[in-house]
Amino acid sequence: MSGKTISLGVLLSGSGTSLQNLIDLQQAGRLPVEFSFVLSSRKDAFGLERAKKAGIPTEIVPRKGAKWEDFNRDCAAVLNRYKPDLIVLAGFMSLFIPPSDYAQRVMNVHPALIPSFCGKGFYGHHVHEAVLEYGVRYTGATVHFIDTAYDTGPIILQKPVEVMFDDTAETLADRVQACERELYPEAIRLFAQGRLEVHGRRVRILPEEETVCE
Ligand code: GAR
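Per the working numbering: the sequence shown ends with 223, consecutive numbering throughout.
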């Protein structure tokens, strides 16, 4: 695996299935990261247990009962304390606007092909239910940098998933999540290899550097 090892902060609110995938890959030597911290916006998120089991420092910044501005400031303070190279949102159910020095260093994975079925309120099973209700033939997964709104930042990677007539939100979610399990680590590897270049709304993926043998 080429590229340096980067430090990674993870923001989540729920069960942490995306986090677990990243932990498993890292432990198998297939993801060039050191986990810096896991921040949860809920104190009862199972993702915190997964982090502790893997020996990753945990932080809790409760969203419930807090003004969004205070919540966002407290999340940013955690980033500034650990200073990871990259942050990934892994089922983080709140709007987060990172400090300006983290522009293009915070990624999100969304379980649909943005700009469809995204934005406020489109998370988890709500996305797949809306996909089935509309009747689109393809959905998929998107990894993007975050900006100042829900699901609007520059797109890094996307992959389609075919919708079958007999799908339920659960069966569709399973296939989309399988797709996410490949796409998110791939985007993190590209970042670690310094191969993502943002030009306005578009992201150029630079070719892999060739190894020169002397
Ligand atoms: C991910 O599969 C991701 O697609 C979704 O949350 C899941 C992880 O949550 N994110 C969104 O819907 C963001 N709009 P989990 O770790 O709690 O299972």
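We put the beta carbon where it would ideally sit given N, CA and C, even for glycine.
Cβ-based burial, residue i [other Cβ within 10 Å; buried from 16]
i	result
D160	buried
H119	buried
Y111	buried
S109	exposed
E217	exposed
F126	buried
E189	buried
L215	exposed
Y193	buried
F174	exposed
A226	With the chain represented from 10 up to 223, any question about residue 226 goes unanswered, as that position is not in the structure.
8 Å contact criterion, which residue i and residue j should meet: CB distance rounded
i	j	result
V97	I197	7 Å
L95	E68	L95 to E68, Cβ: 17 Å. No contact.
L88	G38	Between G38 and L88 the Cβ distance is about 27 Å, and since that is not below 8 Å, they are no contact.
G74	G23	That belief does not hold up - the Cβ atoms of G74 and G23 are roughly 18 Å apart, past 8 Å.
Check: residue i C-beta below 7 Å from any heavy atom of the ligand GAR
i	result
E189	yes
L205	no
F126	no
Y132	yes
Q186	yes
L20	no
E120	Residue identity differs from the one stated: residue 120 is Pro in this sequence, not Glu. Yes, the ligand GAR has a heavy atom inside 7 Å of this Cβ.
G162	no
V47	no
Closest Cα partner of residue i within the set the options
i	options	result
P66	P41, S16 and F80	S16
T177	E43, L20 and V136	V136
Y132	E58, P163, E206 and M102	M102
R59	G25, L34 and K73	G25
Y91	L20, V212 and G100	L20
P124	N89, G144, G162 and Q113	G162
E43	K52, L31 and D53	L31
N117	G209, L34, E195 and Q202	E195
Own chain residues within Cβ distance below 8 Å of residue i, not counting five before or after
i	result
V115	L95, I96, V97, L98, F105, P107, F154 and I155
R146	E171 and V172
Near the ligand NAP: residue i beta-carbon under 7 Å from a heavy atom
i	result
L17	Within the structure as shown, the ligand NAP is missing, the only ligands being the ligand GAR.
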